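J.: I'd like to ask you about the structure that follows.
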Amino acid sequence: MDEMNHKKSLSSSVASVVEYFMAHPQSHQGPPMLYQSFSELDRSRLPDVIEGISGAEDMFIEPNEEEALPSGGRNTRVNTHISKNQEHHADVMLGLLYLMVGGVDEAHDLVLPYSWPCDTQWGGPAIPDSPALADAAYAHAILHRYEGKHPGEGGMRGWDNAKFWFGLTPASHFMFKEVPAEFEKMYKELSEEDRLIVERVKGRGNWNCNSLVDMFSRCKGTTEVAKVCKELHNKEIMMLFDHCNDIVNSR
Numbered sequence: 007m008d009e010m011n012h013k014k015s016l017s018s019s020v021a022s023v024v025e026y027f028m029a030h031p032q033s034h035q036g037p038p039m040l041y042q043s044f045s046e047l048d049r050s051r052l053p054d055v056i057e058g059i060s061g062a063e064d065m066f067i068e069p070n071e072e073e074a075l076p077s078g079g080r081n082t083r084v085n086t087h088i089s090k091n092q093e094h095h096a097d098v099m100l101g102l103l104y105l106m107v108g109g110v111d112e113a114h115d116l117v118l119p120y121s122w123p124c125d126t127q128w129g130g131p132a133i134p135d136s137p138a139l140a141d142a143a144y145a146h147a148i149l150h151r152y153e154g155k156h157p158g159e160g161g162m163r164g165w166d167n168a169k170f171w172f173g174l175t176p177a178s179h180f181m182f183k184e185v186p187a188e189f190e191k192m193y194k195e196l197s198e199e200d201r202l203i204v205e206r207v208k209g210r211g212n213w214n215c216n217s218l219v220d221m222f223s224r225c226k227g228t229t230e231v232a233k234v235c236k237e238l239h240n241k242e243i244m245m246l247f248d249h250c251n252d253i254v255n256s257r
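By my numbering, the letter at position 239 of the sequence shown is numbered 245, and the numbering carries on one by one without gaps.
Below you can see the structure in the form of structure tokens.
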């Protein structure tokens, strides 16, 4: 989705964050995570544009007072105009917004209750059987892949954690087909030398999210392969964000 369409399909505060993300695309390799709860995190470390976001209620396009999410937080849905599916995906969508501006820990804390069946010190109480489970798990995998070489949950590197969370994502998730397909388009633009490098990482199988993690882990610096990883990472975030937005703002 292009910038003009985003402006039409998002609230103004959300659109501002997306515009920032498009103007400041991320590297495929991020900094270490802090592993703090949402309330403990210092948002002043993030770009000012995120200050326009007060919570998941901002994910809805111009909601009226009756339809707005309750201020009590998760699991406090009181009106019947917003479904559980929409409410839970609003949190995942909010997490992806934070990821767009480098708030990896905020993103982690928001998707964790929907993707893990146990209460945690960072995400709080688990929300079992959520209709957003698949998308939360996929978002969880993306943010750990961005964590990359740094040790994190369970003492595992981000790349290893990413594979774990991709493994917990239902195999039917649409991104498992669309992301490798997007990469194949980028692959065709690489030089023959770079294609050989990439093929050595993939091996004999087809591209999938785990082999793409391996590629992310082995490309460095400003090589053409690293540029492709960066482009794919940013496109993948946007694809999942658009999917969640379609659910949140369905009428």
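Backbone N, C-alpha and C define an ideal beta-carbon position, used for all residues, glycine too.
Small disclaimer: the values here were computed from a predicted structure and weren't measured.
Does H130 come out as helix, strand or coil in the three-state DSSP assignment?
T.: Going by the sequence as given, residue 130 is Gly instead of His. Residue state, collapsed to three classes: strand.
J.: Once you ignore the five residues that flank M7 on each side, which residues in its own chain have a CB closer than 6 angstroms to its CB?
T.: Because M7 sits at a pLDDT of 43, beneath the cut-off of 50, its placement in the model cannot be relied upon, and the point is left open.
J.: Run through the DSSP bridge pairs and tell me what P157 is partnered with.
T.: DSSP output for P157 lists R163 as bridge partner(s).
J.: Below 8 angstroms, can you find three or more Cβ-Cβ pairs linking the stretch 236-251 to the stretch 43-62?
T.: No: the two stretches stay apart, fewer than three of their Cβ pairs being nearer than 8 angstroms.
J.: Under a Cβ-count criterion, where at least 16 other Cβ atoms within 10 Å of its own Cβ denotes burial, should C225 be classed as buried or exposed?
T.: So C225 counts as buried.
J.: Quick check on the burial criterion: 16 or more other C-beta atoms within 10 angstroms. Buried or exposed for N212?
T.: N212 should be labelled exposed.
J.: In three-state DSSP terms, what is N81?
T.: For N81, the predicted structure reports a pLDDT of 46, less than 50, and the residue's modelled location is therefore unreliable. A value from the coordinates is still provided. Here N81 sits in coil by DSSP.
J.: What span of residues does the alpha helix (DSSP H) with F189 cover, start to end?
T.: Per DSSP, F189 belongs to the alpha helix (DSSP H) from 181-193.
J.: Going by beta carbon distance, what residues of the same chain come within less than 6 angstroms of E71, once the five residues before and after it are set aside?
T.: Residue placement at E71 is flagged as unreliable, the pLDDT there being 36, under the threshold of 50; a coordinate-derived value is accordingly withheld.
J.: Can you grab the Cα-Cα spacing for the pair C250 / R51, in whole Å?
T.: Distance between the alpha carbons of C250 and R51: 26 angstroms.
J.: Where L40 and N91 are concerned, what is the direct C-alpha to C-alpha distance, given to the nearest angstrom?
T.: Their backbone Cα atoms lie some 29 angstroms apart in a straight line.
J.: Look at F222 and W171 and say whether their C-beta atoms are less than 8 angstroms apart.
T.: Their beta carbons are not under 8 angstroms apart, which means F222 does not touch W171 by this criterion.
J.: Looking only at its chain, what residues have a beta carbon closer than 8 angstroms to the beta carbon of V207, apart from the 5 residues adjacent to it on each side?
T.: Hits under 8 angstroms: S217, D220, M221, R224.
J.: Alpha carbon to alpha carbon, how far is L261 from P134?
T.: Examination of residue 261 is not possible in this model, given that the chain is present from 7 through 257 alone.
J.: Flag this pair as yes or no: are the beta carbons of H179 and A147 separated by less than 8 angstroms?
T.: The answer is no: Cβ separation not under 8 angstroms.
J.: Could you give the residue range of the alpha helix (DSSP H) that holds L103?
T.: 90-106 is the span of the alpha helix (DSSP H), which, as asked, contains L103.
J.: Can the beta-carbon of V110 be found less than 8 angstroms from the beta-carbon of L149?
T.: The answer is yes: Cβ separation under 8 angstroms.
J.: Can you name, in chain order, every residue of its own chain whose Cβ lies under 8 angstroms from the Cβ of L16, other than the five neighbours on each side?
T.: Same-chain partners within the cutoff: V24, I67, N251.
J.: Tell me the rounded alpha-carbon separation between S19 and P137.
T.: If you take the alpha carbons of S19 and P137, they lie about 26 angstroms apart.
J.: On the three-state DSSP scale, how would you describe C235?
T.: Three-state DSSP puts C235 in a helix.
J.: At the level of alpha carbons, what is the spacing between R210 and L238?
T.: Looking at the two C-alpha atoms, the distance is approximately 21 angstroms.
J.: Considering only C-alpha positions, which residue in the set N255, V204, I253 is nearest to E230?
T.: Checking every option, the nearest Cα to that of E230 belongs to V204.
J.: Are L186 and N214 touching if we call contact CB-CB under 8 angstroms?
T.: According to the sequence shown, residue 186 is Pro rather than Leu. Taking 8 angstroms as the Cβ cut-off, P186 and N214 qualify as a contacting pair.
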